[in-house]
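This report concerns only the one structure given below.
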Amino acid sequence: MKVIIHGGFFSESSTNHETKVAKQQALERIVKDSHEFLKTHSALETVVFAVSALEDDALFNAGTGSQIQSDGKIRMSAALMDGSTSKMSGVINIEETKNPIQVAKVLQDYDDKVLGGSGATNFARKHGFEAFSTEIPQRREEYEAKLKAGRTGTVGCVALDKNGKIAVATSTGGKGFEIPGRISDSATVAGNYANHFCGVSLTGVGEDIVSNATAAKIVTRVTDGFSLKEAYDKTFAELKEYDGFAGAIAIDSRGNMYHQDSYPSMVFASFDGENLEVFE
Numbered sequence: 273m274k275v276i277i278h279g280g281f282f283s284e285s286s287t288n289h290e291t292k293v294a295k296q297q298a299l300e301r302i303v304k305d306s307h308e309f310l311k312t313h314s315a316l317e318t319v320v321f322a323v324s325a326l327e328d329d330a331l332f333n334a335g336t337g338s339q340i341q342s343d344g345k346i347r348m349s350a351a352l353m354d355g356s357t358s359k360m361s362g363v364i365n366i367e368e369t370k371n372p373i374q375v376a377k378v379l380q381d382y383d384d385k386v387l388g389g390s391g392a393t394n395f396a397r398k399h400g401f402e403a404f405s406t407e408i409p410q411r412r413e414e415y416e417a418k419l420k421a422g423r424t425g426t427v428g429c430v431a432l433d434k435n436g437k438i439a440v441a442t443s444t445g446g447k448g449f450e451i452p453g454r455i456s457d458s459a460t461v462a463g464n465y466a467n468h469f470c471g472v473s474l475t476g477v478g479e480d481i482v483s484n485a486t487a488a489k490i491v492t493r494v495t496d497g498f499s500l501k502e503a504y505d506k507t508f509a510e511l512k513e514y515d516g517f518a519g520a521i522a523i524d525s526r527g528n529m530y531h532q533d534s535y536p537s538m539v540f541a542s543f544d545g546e547n548l549e550v551f552e
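Numbered per this note's numbering, the sequence shown spans residues 273 to 552.
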């Protein structure tokens, strides 16, 4: 049983030592809590649990603390994929919802599995997700001052459960100041993908990640016999051709965990019940 999570890049809002330590402590707490949860739950349930915790922490750009778009509104995206069934569900540009990843989980049971805009928001309301402002004062100050902090923030989790099943979940509050209607990578197979062999979650510049089909490429290459490192090396080499900005976490069916970024520093943590790794 293994869990790996990410919380975007360290440059998300502040690079001071206090913020760094706070993120290290938050990621350590969440990855340990998620591993404990995994002992009695499936990989699918666990990635939702982990990403919900990341969405609830204002240190990260997802859920509470999400970025504000150019028209002054917050729109979020999230996706969930069950590697054992190859079913992906997600929401794109959902508004005023505390935990977009939990709405994505409800959509696993529907034929129409990816909803966007007002359709996603209305679906959430009809299924008991009350209106909730995810704006924090810091984001409003950034918006009003036209700052562009945190343009590469996303959170994610990959888990391998006791039955050998893999699942992945990813959630984002956007890059900030984007044109309303912009689609991020988080609710696409470029940023969130899993099958029986591997699961991958991405963070970074969504346009770069989509152009490279990053998550799907890594998973496909592992499926075709590449090691995780080989799959990462080839995929990130292709990303480098146009100076793409991305970071990725993964677990394969053999229990190997891997992480890599094209620019430092992605914040992440992993835990297998004994060995803990947290970004430095």
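Ideal placement from N, C-alpha and C gives every residue a C-beta, glycine not left out.
Practice problem: State the Cα-Cα distance for the pair His289 and Lys437, rounded to the nearest angstrom. | Solution: 37 Å
- Around the Cβ of Ala315, are there at least 16 other Cβ atoms within 10 angstroms (buried) or fewer (exposed)? Classification of Ala315: buried, given that the 10 Å Cβ count is 16 or more.
Residue-level contact to chain E via CB, Asn371, 7 Å cutoff = The question asks about chain E, but that chain is absent: this structure has only one protein chain.
Check your understanding: Tell me which same chain residues have a C-beta within less than 6 Å of the C-beta of Pro452, skipping the five on either side of it?
Key -> Gln341, Asp343
*By the 10 Å Cβ neighbour count, where 16 or more other Cβ atoms means buried, how is Asp524 classified, buried or exposed?*
buried
(request) Counting only runs of 3+ residues fully inside the segment 441 to 487, write out the beta strand (DSSP E) ranges in chain order. (result) Correct list: 464 to 466, 470 to 476.
Report task. Alpha carbon to alpha carbon, how far is Arg397 from Ala325? Give it in angstroms, no decimals. Result -> 21 Å
Practice problem: Enumerate in chain order the residues of its own chain whose CB-to-CB distance from Met365 is below 6 Å, with the five nearest sequence positions on each side excluded. | Solution: A small correction: the amino acid at residue 365 is Asn; Met does not occupy that position in the sequence shown. The answer, listed in chain order, is Arg347, Gly388, Gly389.
inquiry  = Assuming Ala396 is part of the alpha helix (DSSP H), what are its boundary residues?
reply    = 389 to 398
- [ ] Could you work out which residue in Gly335, Lys274, Gln297 is closest to Val375 when comparing CA atoms only?
- [x] Gly335
- prompt: Is Lys420 helix, strand or coil by DSSP?
  reply: Caution is warranted here: a pLDDT of 44 is assigned to Lys420, below 50, making its placement in the model unreliable, and the coordinate value is therefore given only provisionally. Coil, per DSSP.
| In this structure, does DSSP put Asp354 in helix, strand or coil? | strand
Worksheet entry | Pairwise C-alpha distance: Asn464 and Ile276 | 14 Å
Next item on the list: Ignore the nearest five residues each way along the sequence and tell me which others in Gly478's own chain have a CB closer than 6 Å to its CB.
Entry: Ser456, Asp457
So Ile346 is in the alpha helix (DSSP H); what residue range does that whole segment cover? It is not in any alpha helix (DSSP H) - Ile346 carries neither H nor E in the DSSP assignment.
Assuming Tyr504 is part of the alpha helix (DSSP H), what are its boundary residues? 500 to 512
Item to check | Nearest residue (CA-CA) to Ala516, options Lys359, Leu474, Thr442 | outcome: Just to set this straight, residue 516 is Gly in the shown sequence, not Ala. Here the closest residue by C-alpha is Leu474.
Problem set entry | Rounded straight-line distance, which links the Cα of Tyr382 to that of Lys370 | 21 Å
Is the separation between the beta-carbon of Ala518 and that of Ile481 shorter than 7 Å?
yes
May I have the straight-line CA-CA distance separating Val430 from Ala522, to the nearest angstrom? Distance between the alpha carbons of Val430 and Ala522 is about 6 Å.
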